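Enquirer: Using our numbering, the first residue of the sequence shown is number 3, and each one after it goes up by one.
Backbone N, C-alpha and C fix where the C-beta goes; we use that ideal spot for every residue, glycine too.
Just so we're clear, the structure is a prediction, and the values are computed from it rather than from any experiment.
Once you've had a glance at the structure underneath, I'll fire off some questions.
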Amino acid sequence: MEQQSTAKFSGVWSPEEVADFLTETTVPIRISCRTPRDDLWMLSLWYEYVDGEFRCATGKDADIVEFLQSTEEVAFEVSTNDPPYRGVRGRGTASLGPDEDKQQLRALLERYLGGTDSSLARSLLAPEREEVRIRITPEKLYSWDFSERMGESNDA
C-alpha cells in the first residue's frame, strides 16, 4: 500500500498523476544542493518513486554524499528530454543511509537497465564497492505539461 505524500502539490497534475509520471518515467532525477562551502551543485541520479519519496543510490565516496551530510536541503527536477516537455520539480530534504546489501542499487538497475546482467551492473555491484542510499522527501512538488501547446512539434 502506497503511503500518502505530505508534500504540497501545485501545477497541472493531481497528486495521483504526479505519482504516475514519476513511477513510469525513466529519466534521471536532477538534484541541486549546496556544498560545504555554500556553492551550488547539481547532478543527475537514477531514482525510483516509492511511498511519496525519491530513492536513489550512489557510491559512498561520491561528492554528493559529503554535500548532503553538510546540508539536507535539495531542489530537484524530473522532466522529459524530448518534446513535448513535461515534468515535476520541487524541493525537499535528503537523508542518507547505507545500502549494505545493495538492495536499492539493484532496484535501480532493474528499473533503468532491465536487470543486473551487464558490465555496468556488475561493476556497480562489485563486493568492494560501498553503496549509499539517498532518500529525498519532497516538501513541494510542481508539475507542468507542454503537450497541448507543443503538440505540433511531434507531427512529422
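1) Using only the alpha-carbon positions, how far apart do VAL90 and GLU75 sit?
2) Just verifying my parser: in three-state terms, what is the DSSP assignment at THR73?
3) Looking at the secondary structure, which residues open and close the beta strand (DSSP E) in which THR139 lies?
4) Got a sec? Which residues, its chain only, sit under 6 Å from TRP15 by beta carbon, not counting five neighbours each side?
5) Starting from THR60, trace the beta strand (DSSP E) both ways and give me its first and last residue.
6) Quick check: the region 100-110 against the region 42-60, are at least 3 beta-carbon pairs closer than 8 Å?
7) Drop a sphere of 10 angstroms on the beta-carbon of LEU143, count the other beta-carbons inside from all chains shown, and report buried for 16 or more, exposed for fewer.
8) Just curious, the beta strand (DSSP E) that LEU98 is in, first and last residue?
9) Classify PRO140: buried if its beta carbon has 16 or more other beta carbons within 10 angstroms, exposed otherwise.
10) Count the other CB atoms, across all protein chains shown, that sit within 10 Å of the CB of GLU102; report buried if there are 16 or more and exposed otherwise.
11) With SER34 as the anchor, note down where its beta strand (DSSP E) starts and where it stops.
Expert: Let me lay it out:
1) 17 Å
2) coil
3) 133-147
4) SER145
5) 55-61
6) yes
7) buried
8) 88-100
9) buried
10) exposed
11) 31-36
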